[in-house]
Structures are given as C-alpha cells and as structure tokens.
Amino acid sequence: MRIAICLKPVPDLATAYVSKSRGELVEQSKRVPNPADENAMALALSLRDGGEVAVFTVGDEAAPDALRPLLAMGADRAYLVDDEQAQGGDALADAKALAAAIRKAGDFDLVLCGASSLVHEVGQLGPRLAEALGLPHATRVTSAQVSGATVSFSRAGSLGEGSLSLPAVLTVEPGCNSPPLPNAITVMKAARKPIDSVSVEELALEPDQVGAAGAAVRLRLTQLPEP
Amino acid sequence: MTEDSTAQELMAAYGISLEEETAEEYRGLLVVAEGQQGQVSEASLAALGVGRDLADAFGARLEVLLLGAGEDQAPGLISRGADAVLLPQAPAAYQAQAWLAALVSAVQTRRPEVVLLAGTDITRDLAPRAAQCLDTGLIGGAQELRAEADERLVVGIVPLYGGRLLGEFACPVRRPQFIALAEKVGRVPSEDRWRTGEVVHLPA
Amino acid sequence: MDFTFTEEQQMLRDMTRKFMENEVKPLARQIDDEEKIPTELIAKMRDQGFFGIPFGEEYGGVGAGEMGYCVVLEEMGRGSASVVVLLAAHTSIGTMAIYLDGSEELKHKYLPALCSGEKIAAFALTEQGAGSDAAAIATTAVPDGDDYVINGSKLYISNGDIADVITVFAVTDKSLGVRGGVSALVVESSMPGFSRGPKERKMGIRGAGTCELFFKDVRVPKSNVIGKVGMGFLTAMKTLDCGRLSLGAACVGAAKECIDLCINHASQRVQFGEPIIKKQAIQWMLADMAAETFAMESMAYRGAWMYDQGMKTSREAAAIKMFCSETLDRIVDRAVQIHGGLGYMAEYPIEMFYRDSRINRIFEGTNEVQRMVIASELSRKGRY
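Below, the structure written as structure tokens:
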C-alpha cells in the first residue's frame with residue numbers, strides 16, 4: 382500500500398514555557414512531531430504491507446527536526462513544502478498545499494493525519510485534505526484494517542465503526558496506539574532518507590491560495606487564561 | 006452519485022455554482038442543529054443560544070439548519086430564538102456525503118455571514134470539509150465568542166497547547182465565517198412562546 | 111574544528127535518552143536492590159539495537175562508530191551504571207576483541223548474533239594472580255589435534271553470569287611470555303567443561319553480573335583463535351584501549367545527571383530562610399562540578415573522534431579513563447554533600463551514583479596502570 386502521512390511540526394511542550402509578560406509560548410528546543418501524527422504513522426506501518434510510506438509537511442528549516450523521527454520510525458521518504466510563500470497558512474491554505482504535494486507524488490491508497498494537534502485541540506486538516514483531494518474521509522480513527530479495496534475502522538467518540546472504499550483519508554486519534562520507538566539501526570538509516578523540497582510553483586498553485594496570503598483565519602493575539 | 010463524489014461535484018449536479026461573492030452579499034447567521042433520536046440535542050440548543058446573542062449584536066436574522074430531526078422540532082427552535090428553521094432533504098441518520106451536501110447547499114442558497122455549530126463528533130467530521138468546499142475559514146473549539154458588530158466579525162477565543170494559552174482567531178475576509186464551539190459552551194436558552202418564525206423546506 | 115554532533119548522533123542521543131528515561135531509570139533502584147537486570151529490559155535493549163552500536167553494518171552492527179557508541183553510553187550513564195556495564199563489557203571489550211583482530215571467518219561466525227544482542231559477550235583476562243599484572247595469567251590453552259584445550263579460571267568477569275560468547279586469554283607458550291606466548295580464543299558457554307561461579311556481591315554496579323569462570327579441559331577449535339596464535343596480549347591491549355575510551359562517556363552521563371539532581375534539590379531545599387542554591391558554598395560546588403564535567407565531556411568525545419579517524423589513541427584513552435573516573439568520584443562525592451542526609455538515604459538515587467562510581471578507578475585497568483601507560487609513552491616519545 383502507498384500511504385501518505387501529513388505531519389504538523391509542533392513546539393516541544395516539555396521544554397517550552399509560557400511567557401507571562403508577552404502572553405506567548407517561548408520555544409526552547411527543536412520542533413517535534415505532533416503526537417497524533419505519530420499515532421497515524423504507527424497505523425500506517427501496520428497497514429503498509431511492503432508498499433511505501435511518505436511524509437508530507439508544510440514548514441520551514443525547523444521542519445526536518447520533526448520529520449526525521451518519522452523517518453526513523455519507518456517512513457521511506459519525506460516531502461517538505463518549504464517555499465516561503467507557503468509559510469504562515471491556516472488549515473484552508475495548508476490543505477491545498479498538502480493536497481497538491483500529495484497528488485504530485487503519485488497515487489496513494491491512504492492519506493493519514495492526526496485527528497487533533499497539540500496546538501489546537503480540534504483538527505481540521507483531515508476533512509479539508511479529503512475535500513481538496515476529492516476523497517472520502519473518516520475522523521478520530523482508533524484502529525483500521527484493509528481488505529482488498531476497502532478500509533474498515535473503529536472511531537473514538539459517538540460515530541463508532543465504519544468503512545470506506547480506497548483511496549481514502551483517515552484522521553487518527555491521539556494515543557490510540559503505541560508508536561514504535563526508533564531503534565539505533567533505523568535512526569542511522571533515517572539520516573540518509575531523502576527529504577525533498579517542494580516549491581509552490583512545482584505544485585501549480587497560485588500564491589494567493591497558500592501560505593499567509595491564502596489563509597482565511599488569522600490568529601490575532603495570544604494571551605494567558607484567567608487564573 | 007457515487008460514494009466518492011465530492012461536495013463540489015454534488016453542487017454541480019444540483020446546479021449550484023460556487024462563484025466567489027463579496028462579504029457584503031452574506032448576511033445573517035446559520036446555526037446547525039443536530040438531532041439525536043428525533044430530538045434536537047442540548048449542545049445544539051446551547052449553540053442556538055450563543056447564536057441568538059451574536060445575531061442580536063449584529064442586528065441580523067438567525068436561521069437554524071435542522072439535520073437529523075423532523076419538522077416537529079421546529080417550534081422549540083423558534084421559541085428559543087430561531088427566525089427560521091430550514092429543513093433539508095437529508096437522511097435522519099448521519100451520512101457524511103448527504104449531510105455535507107445539505108450544509109453546503111444551505112450556505113449557498115441562504116448566504117449567511119456566520120455558520121455556527123456545536124462541538125460534536127459529527128460537526129468535527131462535517132464542518133472542516135464544508136469550509137474547504139466553500140473556500141472559507143473555520144474557527145474550531147471556541148470556548149467564547151465576541152461580536153465585533155462594526156466589522157460584522159465574530160472573534161473566537163480558543164484554548165491552545167492544552168489550555169496554557171488562549172488564542173483570539175478571526176476570519177476577516179472570507180464568508181461565511183464558520184465557527185465550531187468547544188464542548189459544553191453556552192446554555193440551553195429558555196423558551197419564549199410569543200416568538201414567531203418560518204419553517205422552510207429546502208429543495209433537494 | 112567542527113565540534114557539532116552529526117544528525118545521526120543527535121538522533122541516537124534522543125532515542126537513547128527516551129529509552130533511558132522510560133525503561134531504565136524507573137528500574138534503577140530495583141536493579142540495584144535485586145542485583146539483577148530484568149531479562150525483559152535486556153530484550154527491549156536488544157530490540158533497540160543497543161548491542162551493536164559501534165560495529166560495521168556488514169557484520170550486523172549499527173555502524174555508528176566510537177562516537178555513536180559514546181553518545182549512547184553517555185545517555186545510559188544517566189540512568190543506571192549496571193546497565194552501562196552490561197552494555198560496555200559486551201560491546202567495547204567482549205565483542206570488540208573479535209571485531210578488531212578476528213579473521214573474516216571468525217567475525218562472520220560470531221558478530222551478527224553479538225551485534226543483535228542475541229548472544230552476550232564477555233572479556234576474560236583477569237585471574238586470581240593476574241590483575242594489574244595481566245602478563246602473569248596462568249590459564250593455559252594446549253594444542254591437541256584441531257583444537258586447543260583450555261584449563262584455568264578467570265576472576266571478576268563482567269557479564270560472566272550471562273555471557274554466551276567469551277573472549278578468553280590463555281598461555282599458549284609459557285617460554286615466550288607475553289611476547290608471543292599468550293593467545294585470545296573465543297569460548298562458547300555451551301562448550302563442555304565451562305562453568306561459572308556464583309555472582310559476586312559488590313559495593314556498586316550491583317545489577318551487573320560479575321563472577322568467576324572455570325575452564326576444565328574445554329575444547330575450542332583452532333579456528334576460534336582471535337588473530338594469530340601468540341598475539342593475544344596485543345589483542346588484549348588494543349581492546350582495552352578501546353574500552354577505556356568509552357568509559358569516559360559513561361562517566362559524563364552520570365556526572366550530568368548528578369548535577370541536574372543537585373540543582374533540582376538545592377533549588378527546593380530551604381534552609382536559613384532561602385533555597386540552598388543561593389548559598390555560595392553550594393554554588394561553588396556546582397560550578398566546580400560543571401567545569402569538570404565540561405572537561406570530561408570534551409575529552410571523551412575528542413578521544414572517540416580520534417579513534418574513528420583511525421588515529422592512535424592509547425595514551426588519550428588512558429588519560430580519559432583515569433581523569434574521568436577520578437573526576438566523577440569527586441563529583442558524586444560533592445553530590446552527596448549537597449543533598450546532605452538525603453544523599454545518604456536509599457530512597458534517593460544519589461547514594462547509588464556514589465557507590466556505582468568507585469569501580470571506575472579500578473576496572474578496565476586500575477588508574478595506576480593507566481598512569482603507567484601514559485608515563486611509558488611520554489618517556490618513549492621524549493615529549494608530550
């Protein structure tokens with residue numbers, strides 16, 4: 382199976398702290414993979430049956446820090462949309478960029494991403510990606526099996542079990558499985574796996590569709606919660 | 006229509022175009038209400054309460070799109086603040102494609118400036134896809150809303166990093182502004198039996 | 111000079127740190143109390159590929175070199191010295207002897223299983239009458255047909271209790287002494303005539319198994335000789351050089367962990383109206399510990415880098431072993447003092463670091479031997 386994983390690099394909350402004076406999160410170490418994306422990766426590894434697992438992300442020069450752990454877990458390659466024009470986008474813009482990158486990389490049987498992120502509890506990317514790719518989707522998947530051209534799954538929450546015909550997009554519930562710890566051998570191999578840079582031009586997207594220019598929602602400010 | 010049709014293909018099949026419109030042409034609020042076993046859920050009623058406050062701040066009309074329940078629920082929605090209850094052609098049980106098409110179609114025909122949803126498993130499944138189809142923004146998981154009436158803008162306050170910070174989000178240009186509330190936001194409004202409103206059957 | 115770690119080394123460090131925090135640290139006290147490393151933990155270490163870090167991929171190793179190995183040992187050193195000894199005795203002396211001097215055939219015979227951790231290695235040189243005076247070993251290997259027959263015993267052998275593959279040093283020609291009379295042979299624990307004594311009870315590294323090994327007419331095929339017959343002493347010295355190099359890295363990890371524990375404790379312990387970290391006496395102790403750790407760390411990784419470059423590192427390895435073991439002892443001593451009474455209590459890990467540290471000045475060649483090595487090289491060279 383060819384499986385695409387969409388990764389969101391997030392701040393390392395173990396070392397980041399909230400600046401009271403600035404009302405902002407201050408990062409102190411490298412970006413890390415969004416935990417739910419690691420669960421998505423674990424699911425992909427269980428379904429891959431040979432095949433290929435590729436990771437896609439929109440990011441800047443901090444992104445490879447978050448990509449390498451997924452490569453060490455067993456992904457074969459990564460694609461990074463690191464074009465400056467693609468930065469600063471919201472879910473609407475990023476879904477377009479990622480969908481274009483995925484389409485350009487070939488036909489995938491499954492597209493997986495986390496159902497939510499450390500940043501924002503509520504995940505939007507998965508359903509948006511599905512719409513942009515023209516594929517059916519299911520959210521908050523906790524486990525899945527593939528048989529022929531059908532994927533059947535269980536979901537967290539009230540939606541219960543279901544199935545979809547492939548190709549499809551699934552969002553994976555954080556904590557639903559145990560992502561493999563990279564081992565020494567996969568770590569050494571990961572450093573040699575390719576991370577391909579992808580430009581907005583190569584994706585045949587208009588600059589006003591992606592990045593900050595293509596974003597519909599803006600974060601106006603952050604502040605500390607009331608005590 | 007096959008399982009794999011996008012909402013866009015469905016729209017085209019229904020003869021509804023998705024041309025860009027300017028912000029001025031969108032007016033009013035649309036609250037999406039979900040039914041469970043034929044009854045409008047408490048979460049949806051709470052969203053209606055939040056929506057009514059916003060509509061009053063904007064001096065705008067509020068319509069409720071009722072999915073998963075029937076016309077018998079309309080009076081309860083009207084008495085709690087709906088100016089109109091829209092009844093789409095959609096199955097009573099959640100079906101992703103059909104409910105998506107109903108929501109997108111309702112937005113296209115009624116042209117609300119804000120679409121407000123409760124935070125449920127269904128809306129998490131539905132709202133982002135609808136927003137992508139309509140090329141607009143969604144503020145998800147909002148625990149508090151603030152109306153900026155002059156700009157006709159709804160600002161959503163969303164917990165970030167597990168609540169360590171709060172973020173203020175807005176969708177300044179694109180319409181409609183999709184807002185999904187966090188769970189347990191708002192209260193079920195009390196009924197005002199003197200309120201009146203319409204019941205509109207949406208075309209298939 | 112580029113002092114940065116490569117991406118691979120950084121990832122190895124992150125991976126080992128996570129493993130150490132999640133799997134090793136929580137068991138450190140139990141390992142010490144029960145004087146045993148759980149087999150489940152060893153199995154997990156196997157799955158993580160920890161047993162083959164410096165060895166070439168062509169033999170089933172991870173291919174991370176001495177630098178990668180030191181990174182892993184440093185991180186493990188933060189968690190449990192017993193686990194470090196299990197790993198180090200297996201890797202940098204037990205398996206390393208075969209890796210450095212074994213024939214291709216011998217390497218392909220034993221290295222894959224050793225690199226995967228399926229089999230554990232040990233290094234058997236020390237005897238009752240031969241500690242620092244390693245040349246005084248009395249275990250014999252007598253040729254008989256296609257085999258050598260080994261008789262004798264070895265003392266204080268790390269991993270002696272669980273090793274499957276043992277590098278044994280024996281006298282093959284008494285008349286030649288160390289120059290041509292000692293050979294290194296690979297003995298498998300399943301060979302008839304091999305037996306182990308009971309585990310020794312120790313001051314520290316109590317979870318690492320240390321015991322006597324007995325060889326009574328153990329037959330070993332001649333093809334199991336490592337390198338050439340009679341060249342065993344050279345193999346021993348080469349291998350010990352390698353082992354000494356990496357001991358420093360493990361000391362660095364222990365030192366850093368102790369400093370972190372001290373800062374944490376001193377920031378919370380209030381005496382005379384303020385946290386003791388505000389007191390200059392404590393600050394100066396911490397400052398000394400930090401400066402010393404920086405020196406240890408710089409030495410350890412420079413030595414590993416030199417080794418990976420193929421440079422000769424006997425003197426540096428001796429200096430690293432000697433300096434880091436003595437410095438760690440001073441650091442853990444100060445760590446106990448900073449913790450006061452709590453530093454003496456078994457409910458807290460500091461006393462374990464204190465007891466575990468002491469062996470570093472003794473094994474892998476006592477620090478007196480290290481000084482002999484350095485002095486003899488200085489005298490031979492005539493200058494630094």
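Residue numbers (our numbering), protein chains in the order written: chain X, 382 to 608; chain B, 6 to 209; chain F, 111 to 494.
From the three backbone atoms N, C-alpha and C, an ideal C-beta is built for every residue, glycine too.
What you are looking at is a predicted structure, and each value in this text was computed from that prediction instead of being measured.
Query raised in the report: Any residues in the segment 555 to 578 of chain X with a beta carbon nearer than 7 Å to a beta carbon of chain F? Which ones, in chain order?
Result: Leu562, Pro563, Asn564, Ala565, Ile566, Val568, Met569, Ala571, Ala572
Query raised in the report: Taking the DSSP output, what are the residues bridged to Asn261 (chain F)?
Result: F:Thr250
Query raised in the report: Which residues, in chain order, does the segment 161 to 176 of chain B contribute to contact with chain X at a C-beta distance below 8 Å?
Result: Val163, Pro164, Leu165, Tyr166, Gly167, Gly168, Arg169, Leu170, Leu171, Gly172, Glu173, Phe174, Ala175, Cys176
Query raised in the report: In terms of residues, what are the limits of the beta strand (DSSP E) holding Thr126 (chain F)?
Result: No beta strand (DSSP E) contains Thr126 (chain F), which is instead part of the alpha helix (DSSP H) from 117 to 129.
Report task. Please list, in chain order, all residues of the same chain as Gly227 (chain F) whose beta carbon is under 6 Å from its beta carbon, the five residues on each side excluded. Result -> Arg156, Phe161
Report task. Express the C-alpha separation of Val259 (chain F) and Pro253 (chain F) in angstroms, rounding to a whole number. Result -> 6 Å
Query raised in the report: Under 9 Å Cβ-Cβ, which residues of chain B neighbour Ala443 (chain X)?
Result: Chain B residues near Ala443 (chain X): none, gap ~17 Å exceeds 9 Å.
Report task. Return the bridge partner residues of Pro390 (chain X) from the DSSP annotation. Result -> X:Pro414
Report task. Give the residues of chain B in contact with Pro606 (chain X), contact being defined as C-beta atoms less than 9 Å apart. Result -> Pro164, Gly168, Arg169, Leu170, Leu171
Query raised in the report: Where does Thr7 (chain B) land, buried or exposed, given buried means 16+ other C-beta within 10 angstroms?
Result: Legend: pLDDT at Thr7 (chain B) = 48, less than 50; position of this residue unreliable, no value from coordinates given.
Report task. Report the rounded CA-to-CA distance for Gly595 (chain X) versus Asp589 (chain X), giving the unit in angstroms. Result -> 5 Å
Query raised in the report: Where in the segment 141 to 179 of chain B do unbroken runs of the beta strand (DSSP E), each at least 3 residues long, occur, reported from the N-terminal end onward?
Result: 143 to 147, 149 to 153, 158 to 165, 170 to 175
**Report entry** Contact list for the segment 429 to 455 of chain X against chain F, Cβ threshold 8 Å
**Finding:** Arg449, Pro450, Ala453
Report task. Could you tell me whether any Cβ in chain X is nearer than 7 Å to the Cβ of Leu143 (chain B)? Result -> yes
Requested in this report: Leaving aside the five residues before and after Glu436 (chain F) along the sequence, list all residues of the same chain whose C-beta is less than 8 Å from its C-beta, in chain order.
Outcome: Arg471, Asn477
Query raised in the report: Are the CB atoms of Val598 (chain X) and Val462 (chain X) nearer to each other than 7 Å?
Result: no
Query raised in the report: Which word fits Glu25 (chain B), buried or exposed, when buried means at least 16 other C-beta atoms lie within 10 angstroms of its C-beta?
Result: Confidence is the limiting factor: at Glu25 (chain B) the pLDDT is only 49, short of 50, which leaves the residue's position unreliable, though a coordinate-based value still follows. Looking at its Cβ environment, which holds fewer than 16 other Cβ atoms inside 10 Å, Glu25 (chain B) is exposed.
Query raised in the report: On the three-state DSSP scale, how would you describe Leu584 (chain X)?
Result: coil
Query raised in the report: Of all the CB atoms in chain B, is at least one closer than 7 Å to the CB of Leu584 (chain X)?
Result: no
Report task. Check Met6 (chain B) in the structure and name its three-state DSSP category. Result -> The pLDDT assigned to Met6 (chain B) is 42, lower than 50, so where the model puts this residue is not dependable, and the model offers no usable value.
Query - alpha helix (DSSP H) runs contained entirely in the segment 301 to 331 of chain F, provided each spans 4 or more residues - result: none
Requested in this report: Measure from the C-beta of Leu602 (chain X) to each C-beta in chain B and report whether the shortest distance is under 7 Å.
Outcome: yes
Requested in this report: For Glu117 (chain F), go through chain X and note every residue whose CB falls closer than 8 Å to its CB, in chain order.
Outcome: Arg449, Ala572
Requested in this report: Mind the definition here: the segment 116 to 128 of chain B touches the segment 35 to 42 of chain B only if three or more C-beta pairs lie below 8 Å; say whether that holds.
Outcome: yes
Report task. Quick one: give me the first and last residue of the beta strand (DSSP E) that Arg458 (chain X) is part of. Result -> 458 to 462
Query raised in the report: What does Pro133 (chain B) pair with, by DSSP beta-bridge criteria?
Result: Answer by DSSP bridge pairing: none, since Pro133 (chain B) is not bridged.
Query raised in the report: If you count every other CB in all the chains shown that lies within 10 Å of the CB of Gly204 (chain F), and 16 or more means buried, which is it?
Result: buried
Query - CB contact flag (Phe324 (chain F), Ser300 (chain F), <7 Å) - result: no
**Report entry** Assigned secondary structure, Phe489 (chain X) (DSSP; H/G/I helix, E/B strand, else coil)
**Finding:** coil
Query raised in the report: With 7 Å set as the bound, which would you pick, yes or no: does the beta-carbon of Gln468 (chain X) sit closer than that to a beta-carbon of chain B?
Result: no
Query raised in the report: From B:Leu170, B:Leu67, B:Phe174, B:Ala87, pick the residue whose C-alpha is nearest to that of Glu196 (chain B); which is it?
Result: B:Ala87
Query raised in the report: Helix, strand or coil for Glu185 (chain F) per DSSP?
Result: helix
Query raised in the report: Can you tell me whether DSSP reads Met382 (chain X) as helix, strand or coil?
Result: coil
Query raised in the report: Are the C-beta atoms of Asp197 (chain B) and some chain X residue less than 7 Å apart?
Result: no
**Report entry** Those residues which DSSP pairs with Pro385 (chain F) across a bridge
**Finding:** F:Val380
Query - Residue(s) in a DSSP beta bridge with His218 (chain F) - result: For His218 (chain F), which the question treats as bridged, DSSP gives no partner whatsoever.
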